[in-house]
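See structure below.
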Amino acid sequence: MSFFVQSDAKINISLRITGKRPDGYHELRSVFLRLSSVESLTITPQYDHNVRNSLSVHGETVQGKNILDEVLARAGQTMDLPPLHISLVKNIPPGSGLGGGSGNAAALLSWLNRMGGRNSLLPEEFGSDVPFLFSDALWASVSGRGEIITPVASPPETPVVLVAVPSWKMSTQTAFSLIDEARGGCFPLNGGEAERERDDLLDGLREQRHVGLLPNDFLPVLLNLYPRYSELFSAFSDYGAAGWGITGSGSACFGLFYKKNGLGSFLRDMTRYNWIRKIFCLE
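According to the working numbering, numbering within the sequence shown proceeds without interruption in unit steps and concludes at 1672.
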C-alpha cells in the first residue's frame, strides 16, 4: 500500500529582519501565505528483506542531500518504522524562496504523526520555514527565526497568486551573507515597527486596496544583483495586481490579484520575459 501526501509551499507577503540572535540566526517578522498542493510525496512502506529507505525525485533537480533523507534518518532513530520509499514530484526549483523543500519535510513529518508513531521530531529542527508549513495555518504572522507561528485573525481573502521563478537562484545562506555585508548588522525596523507595518499591510489586503511593492529586507540586495525584477514589478502594477514583491530571500517574485480582469493576457505577455523559467498561477 502507498500513501499519497500533498506538499505545500509559501510566499512571504512581508519579510523584515529585526536583528541577529545570540545563536547566530536572524530575528524575523513576516507574514506567510500558504500555497497548497504544489508538490507531492508518494510514500510506500517496504517490507522485503534487506531494503533501506530510498528516495526518487521527479522533475526539478535537488543538488546535494535532500531534506527528506534527513527527516527519514532522524525518524528512524526515534520511531519503529519499516523502510520507506518516497517518490517526490518536485515542481519548485530550489533556491526560489518558495519553501518547496521545507514543505516536503513538513508533509513527511505530518504523515509520520498521522501514522501514530512516537514522533518526537520538532519541525524547527529542519529549517525556519518548516514550522509554518507543518501548521494548519493559511495566513500567519511568523517571528523568531520562523518557529513562532500566529495564525492571522480575520485573514484577508486569498487572492490569485502569480509566481514567476527566474533563471537564477539564491540560496538562503548566500542571501543572508549578502544582507549582513550590505547592512552591517543594522536593519531598517525594530520588532515593534515591523509588527505595525505588518498590521497596516494586512488591513490593506483585507480591504483589497492597492498596496504596491511589498516590504522585504532582501529586496534591495536582489534588485542590485538582478535589476530585471523591476520590469516585472512594473507589469504587475500595469495589470492590476494589489501587491507584488519577492518571496523569502529570493529568487522568485509574485503578484497578488484580487481582480482577474486581464490576468490571462498578462500570463500570455509574460512569455516575453526570457529570464523567467517557470510560472505558477495559484488560486
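Cβ coordinates follow ideal geometry from the N, Cα and C atoms, glycine included.
Classify residue 1627: buried if its beta carbon has 16 or more other beta carbons within 10 angstroms, exposed otherwise. What you label residue 1627 is simply residue 238 of the sequence shown in a count that begins at 1. Burial call: exposed.
Near the ligand FMN: residue 1432 beta-carbon under 7 Å from a heavy atom: You won't find the ligand FMN in this model; it holds no ligand whatsoever.
How long is the line joining the alpha carbons of residue 1545 and residue 1631, rounded to whole angstroms? Position 156 of the sequence shown, counted from the first residue, corresponds to residue 1545. Position 242 of the sequence shown, counted from the first residue, corresponds to residue 1631. Taking the straight line joining both Cα atoms gives about 12 Å.
Starting from the Cα of residue 1417, find the closest Cα among 1602, 1617, 1661, 1583 and give me that residue. Within the sequence shown, numbered from 1, the residue matching residue 1417 stands at position 28. Considering only alpha carbons, the answer is 1583.
Out of 1550, 1530, 1553, point me to the one whose CA is closest to residue 1543's CA. Along the sequence shown, one-based indexing puts residue 1543 at 154. Cα-wise, what sits closest to residue 1543 is 1530.
How would you label residue 1614, buried or exposed, when you count the other beta carbons within 10 angstroms and need 16 or more for buried? Locating residue 1614 in the sequence shown gives position 225, counting from the first residue. It is exposed - the Cβ of residue 1614 has fewer than 16 other Cβ atoms within 10 Å.
Terminal residues of the alpha helix (DSSP H) in which residue 1434 lies: On the sequence shown, position 45 is the one that residue 1434 refers to. Here residue 1434 belongs to no alpha helix (DSSP H); instead the beta strand (DSSP E) covers 1415-1434.
Please tell me whether residue 1445 and residue 1476 are closer than 8 Å, where the distance is taken between their beta carbons. Along the sequence shown, one-based indexing puts residue 1445 at 56. Along the sequence shown, one-based indexing puts residue 1476 at 87. Closer than 8 Å, so yes.
With respect to the beta strand (DSSP E) encompassing residue 1452, which residues constitute its N-terminal and C-terminal limits? For the purposes of this step, residue 1452 is taken as residue 63 along the sequence shown, with counting starting at 1. Here residue 1452 belongs to no beta strand (DSSP E), and DSSP marks it neither H nor E.
Neighbourhood of residue 1671 by C-beta, 6 Å cutoff - its chain only, sequence neighbours within 5 removed: Taking the first residue of the sequence shown as position 1, residue 1671 is located at position 282. Only 1424, 1550 meet the Cβ criterion.
Inter-residue CB distance, residue 1641 and residue 1486 (contact presumed, cutoff 8 Å): The count along the sequence shown starts at 1 and reaches residue 1641 at position 252. The count along the sequence shown starts at 1 and reaches residue 1486 at position 97. That pair is a contact at about 5 Å.
Three-state secondary structure (DSSP) at residue 1480? Within the sequence shown, residue 1480 is the residue found at index 91, counting from 1. Reduced to three states, the DSSP call for residue 1480 is coil.
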